[in-house]
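Residue numbers (the working numbering): 2 to 42. Just so it is clear, CB atoms sit at the ideal spot from N, CA and C, and this is done for glycine as well.
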């Protein structure tokens with residue numbers, strides 16, 4: 002079975018997008034934790 006991989010440039014762009022999404026997810030988790038802590042305080 003042959004797999005066609007994205008070019009290095011495409012891989013770099015994919016990494017940038019996924020890294021940005023990962024950072025946003027982590028920020029939202031911290032915000033949710035903070036809101037939960039504030040709510041139960």
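| request: Would you identify the three-state DSSP class for residue 4, choosing helix, strand or coil? | output: Your numbering for residue 4 matches position 3 in the chain shown. In the structure shown, residue 4 sits in coil (DSSP, three-state: anything other than H, G, I, E or B).
| query | Do residue 6 and residue 14 come within 9 Å of each other at the CB atom, strictly closer than that value? | reply | Here the question's residue 14 lines up with position 13 in the chain shown. Here the question's residue 6 lines up with position 5 in the chain shown. By the CB criterion at 9 Å, residue 14 and residue 6 fall outside the cutoff.
| request: Using the Cα positions of residue 2 and residue 21, report the straight-line distance between them to the nearest angstrom. | output: Within the chain shown, numbered from 1, the residue matching residue 2 stands at position 1. Within the chain shown, numbered from 1, the residue matching residue 21 stands at position 20. Separation of residue 2 and residue 21 (C-alpha to C-alpha, rounded to the nearest whole angstrom) is 32 Å.
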